[in-house]
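Line order of the protein sequences matches chains A and B.
The first sequence maps to residues -2 to 573 in the numbering used here.
The second sequence maps to residues 84 to 359 in the numbering used here.
Built from N, CA and C at the ideal position, the CB exists for glycine as well.
Structure record follows, encoded as structure tokens.
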Amino acid sequence: MSPDFQPELRAKLKVLAFFTLVASAAFIAGFATLQIRSFGLHGLIPPVYAAQDAPRILSPISIDYPEDGSIFPPGITPPTFLWRDAAGTSWSIDVKFADKSPAIHAVSRGERMHLGAIDPDCVADSNSPPQLTLQQAATWTWVPDAATWAAIQSHSVAGAATMVITGYREGHVAYSQSRVLFTTSKDPVGAPIFYRDVPLMPSAGVNGVVSPLAPTAIHLIHWRLRDITKPESHTVLKDMPTCGNCHSFSGDGKTFGMDIDGPANDKGLYAVVPVQKHMTVQSKDMIHWNPAGQIGTTRVGFMSQVSPDGRYVLSTFAGPSLKLLDSYYVTNFLDYRFLQVFYPTRGILAWYDRTTGLRTPLPGADDSKYVQTDGVWSPDGKYIVFARAEARDPRPPGQVRALHALDENETQIQYDLYRIPFNNGKGGVAEPIVGASGNGMSNNFPKISPDGRWLVFVQCKNGQLMRPDSQLYIIPAQGGVARRLRANTRLMNSWHSFSPNGRWLVFSSKARSPYTQMYLTHIDENGNDSPAILIDNATAANRAVNIPEFVNIPGDGIEDIQVHVADEPTVADAHK
Amino acid sequence: MRPSLSGWVRPIARIAALLTVFLNLRTGLAPAETQCAPPDQMKAQLADKPSAAAYNDLGVWFAGQKQYACAADAFATSLQMEPRQKDLPHIAFMFGVALDFSGDQKEAIGALQEAEQLGYRAINLHVILATALDSAHETKQAENEWRAALEFDPELSSGLDALSNDLLADGDFKGVIAALEQPRLLGQRTPQQSLNLAAAYAGVGNEEKAAGVLRDGLNTSPDSLTLANKLADSLVQLKRPDEALTVLQLAHEQHPDDAQTSTHLATVLALPGSGK
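So, in structure tokens, the structure goes:
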């Protein structure tokens, strides 16, 4: 299955072969026809005649990946092409190019789709090993070798490559065919993706309370960095003694922040450290959100975001005197596929200034009548987009417990996206964003493109985070008509992040497996996106990847992160 | 919000009482002593200190022995003894399951519906009840139960098969399309779902889409002669006999002994424009 790099010789051979075939076929067909007419001996039809008698109409093949119109990032490792075909038993793959360069021809005898290796440490009674679905078990695959893929990529930039898959039986009789068009973008991804790599092992404690992960398994959480031009991800952090959560990087890639549960499951720590090849998080790097209980009695630092210049951290905190359970709707399930529902129902936005060590509510987003969350900075740091809804009791009296994701008994909340000036911390008036508010859906998890032009957010029926029905939408950052991204897959589209050049969006989905995977989509200057491109081999087949975020550093910019958190961290007070 | 328990206690107790009489009659008035023989320890406990809990334990034991009529009898006795017992929804469910497994489908439906009204929530309840309702040709009610089961597990293939069967039987083509085109965890449409979805698309006049669904289904399940024949039918409807011929030739090649496909092939071959 190597490409043909000798077009002239190949063309000459094709001409010769064509005339030989025509002459042979004419002779044999005539003889065979005579035989049939004379004796009616259909059983004597020789194979070559069978080729002539092949169906005139080729059955369509179902090409599942890539989708028509896909755009691959330059340099991405060779993808696995996927198709299903009831007719063929072997296949030819022809890739033709709009730039008139010679076509590439390969032959595939067909290799079935298979699952990657599993991590034995992540096998549990509460999960199931990944399995091929009916469709996947019927899928055939082809992976071009590196040279072939490089050739395909180099000739599919100016115009689309057309890949034609033709199915054969008996090695030479064409029965089926389909084609798919794809291109290679001129826009590099240009930055690695930092993400969390987790087991899906919900655990029922002795009291029957389900937790997303048993404390004894927390060390199995890894943080990894992926350069999409490399075949594997690099683990930068693992074996943490405590649980790390939402992370963020400043736009310049120089500052890293991460919510960290303290050793005693204190939900009040936040680490901020400079990004370096070898990073160390120590107690001195920790912010203790709540040493005096003035703003919230617990961390509830949720989706904290480091400002573009790295000076501030914006986060959601519970209102005064509120405890975690008064501010968040949290339900865990033993179904590993969607094992948690988690969203704030109360809270205000506050900003932390690393230069002063002070944490201050953001006027205009600090109204206890509302829950204000998911705050993100504009690229210039001048305004903030956040999600808002009327505050409510996360667990009203008499509420029936939800038994699964999207259970109607979940506390209902629909967020609207708002925009507010940061105004050096003075805030202002929050304005609803047209296209991402007042539509009866929950609009959440906004991300602003690095050029400030676009806003991509998640829309779902209820709440936020890990919602089976979550879909990605794009609107102009000032508001406008929301457009559903074409890249959306059939199940769960969330946790997205723009590349530093703004041309790529990474997001998580469960489209192919309950074990979440990462995908890319290209965003052009008009905000149009392309079908999802899988980032292969991001983790074991029985682990999930989430919270992917582009980091504005070279592909190997972080080698490792060491976390040394003492039992009694020396904290920088973070209250006003 | 579920209704309060009190309103439902009386019906479940009444059903249990009636069933006790019925089961006792069926098993010769003394099931516990003849066919329904509990282990000695339980027998002694029941004789010494009969209680609803003891009968519940007995019901579970009989169910474990696959003596479902005996299990139903035990649960019925328990429900009669203590119609407001603490775990009433679960016991009502167990009672319904035992009835269903023992073959008393009609009574099982009543008991399972009571369990549901009492607030018992589990996917098994909906699956068993829906299956029983389908058997009783109560398709509308069965649809609701399948939908409830699919709320718990949207990937439940048997649920999607059965729900789409029921909706199709009701002529609810849009319902079939909505059920089978919803976001799913993974692409794993069964042949039955492909057939039902295609039938629904054909039902709303979108034969092109129907053919596409059948084609995709056949590409997933190449051995399905039903899919191949339906696809050929659909292609003929679309006036593409050439394509239908291709499909049938391949099916015939793979299954030369299948009479229906042979006949179908001959029929399509006789059509004008089939490229024969």
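Query raised in the report: Under a three-way DSSP split, which group does residue 401 of chain A fall into?
Result: coil
Query raised in the report: Of the choices A:556, A:523, A:535 and A:550, whose alpha-carbon is the least far from that of residue 228 of chain A?
Result: A:535
**Report entry** Buried or exposed by the 16-neighbour rule on C-beta atoms within 10 Å, applied to residue 271 of chain A
**Finding:** exposed
Report task. Kindly list, in the order they appear in chain A, the residues whose Cβ is closer than 8 Å to that of residue 235 of chain B. Result -> 400 and 401
**Report entry** Residues of its chain near residue 278 of chain A, where Cβ-Cβ distance is below 6 Å and the 5 sequence neighbours each way are ignored
**Finding:** 268, 270 and 560
**Report entry** Residues of its chain near residue 273 of chain A, where Cβ-Cβ distance is below 8 Å and the 5 sequence neighbours each way are ignored
**Finding:** 555
Query raised in the report: What residues from chain B crowd round residue 54 of chain A, counting only those whose CB sits closer than 7 Å?
Result: 325, 326 and 329
Report task. Kindly indicate if chain A contains any beta-carbon less than 8 Å away from that of residue 343 of chain B. Result -> no
Query - Interface partners of residue 536 of chain A on chain B, CB under 8 Å - result: Residues of chain B passing the Cβ test: none, with the nearest at roughly 18 Å.
Requested in this report: State the start and end residues of the unbroken beta strand (DSSP E) segment that holds residue 178 of chain A.
Outcome: 170 to 181
Query raised in the report: If you measure beta-carbon to beta-carbon, which residues of the segment 283 to 301 of chain B are closer than 7 Å to chain A?
Result: 298, 299 and 301
Query raised in the report: Whose Cβ in chain A lies nearer than 9 Å to the Cβ of residue 263 of chain B?
Result: Correct list: empty, because the minimum Cβ distance to chain A is about 12 Å.
Query raised in the report: Grouping DSSP H, G and I as helix and E and B as strand, with all else coil, what is residue 540 of chain A?
Result: strand
Query - Cβ neighbours of residue 393 of chain A in the same chain (closer than 8 Å, five flanking residues each side left out) - result: 408
**Report entry** Between the CA atoms of residue 158 of chain B and residue 175 of chain B - distance to the nearest angstrom
**Finding:** 8 Å
Query raised in the report: Within this structure, are the beta carbons of residue 380 of chain A and residue 416 of chain A separated by less than 8 Å?
Result: yes
Report task. Have a look at residue 199 of chain A and residue 332 of chain A and give me their C-alpha separation to the nearest angstrom. Result -> 7 Å
Query - Cα-Cα separation, residue 612 of chain A to residue 335 of chain A - result: Nothing about residue 612 of chain A can be read from this structure; chain A reaches only from -2 to 573.
Query raised in the report: Should residue 81 of chain A be flagged as near chain B, meaning a C-beta pair shorter than 8 Å?
Result: yes
Query raised in the report: Taking just the CA atoms, how far does residue 328 of chain B sit from residue 351 of chain B?
Result: 6 Å
Requested in this report: Enumerate in chain order the residues of its own chain whose CB-to-CB distance from residue 96 of chain A is below 7 Å, with the five nearest sequence positions on each side excluded.
Outcome: 152, 155 and 156
Requested in this report: Please confirm if residue 59 of chain A has its CB atom under 8 Å from at least one CB of chain B.
Outcome: yes
Query raised in the report: Leaving out the 5 sequence neighbours to the left and right, which residues in its chain are closer than 7 Å to residue 367 of chain A when beta-carbon positions are compared?
Result: 385, 386, 387 and 388
Query raised in the report: From this set, A:499, A:67, A:79 and A:91, which residue's C-alpha is nearest residue 376 of chain A's C-alpha?
Result: A:499
Query raised in the report: Does the distance from the C-beta atom of residue 81 of chain A to that of residue 145 of chain A stay below 8 Å?
Result: no
**Report entry** residue 503 of chain A - DSSP class collapsed to helix/strand/coil
**Finding:** strand
Report task. Taking C-beta pairs closer than 8 Å, name the residues in chain B that residue 172 of chain A reaches, listed in chain order. Result -> 329 and 333
Query raised in the report: Going by other Cβ atoms of all chains shown within 10 Å of its Cβ, with 16 needed for buried, is residue 522 of chain A buried or exposed?
Result: exposed
**Report entry** Where residue 291 of chain B falls, given that 16 or more other Cβ within 10 Å makes a residue buried
**Finding:** exposed
Query raised in the report: From the beta carbon of residue 433 of chain A, is the nearest beta carbon of chain B less than 8 Å away?
Result: no
Query raised in the report: Between the C-alpha atoms of residue 87 of chain A and residue 160 of chain A, what's the straight-line distance to the nearest angstrom?
Result: 16 Å
Query raised in the report: Does the distance from the C-beta atom of residue 84 of chain A to that of residue 333 of chain B stay below 8 Å?
Result: yes
Query raised in the report: Within 8 Å (strictly less), CB to CB, does residue 304 of chain B reach chain A?
Result: yes
Requested in this report: For residue 574 of chain A, collect the residues of the same chain with a Cβ closer than 6 Å to its Cβ; drop the 5 residues on either side in sequence, then sort them by chain order.
Outcome: In the structure displayed, chain A extends from -2 to 573; residue 574 of chain A sits before or after that span and is not available.
Query - Reduced DSSP secondary structure (H/G/I, E/B, other) of residue 260 of chain B - result: helix
Report task. Would you grab the beta carbon distance between residue 225 of chain B and residue 217 of chain B for me? Rounded to a whole angstrom, and I think it's under 8 Å. Result -> 5 Å
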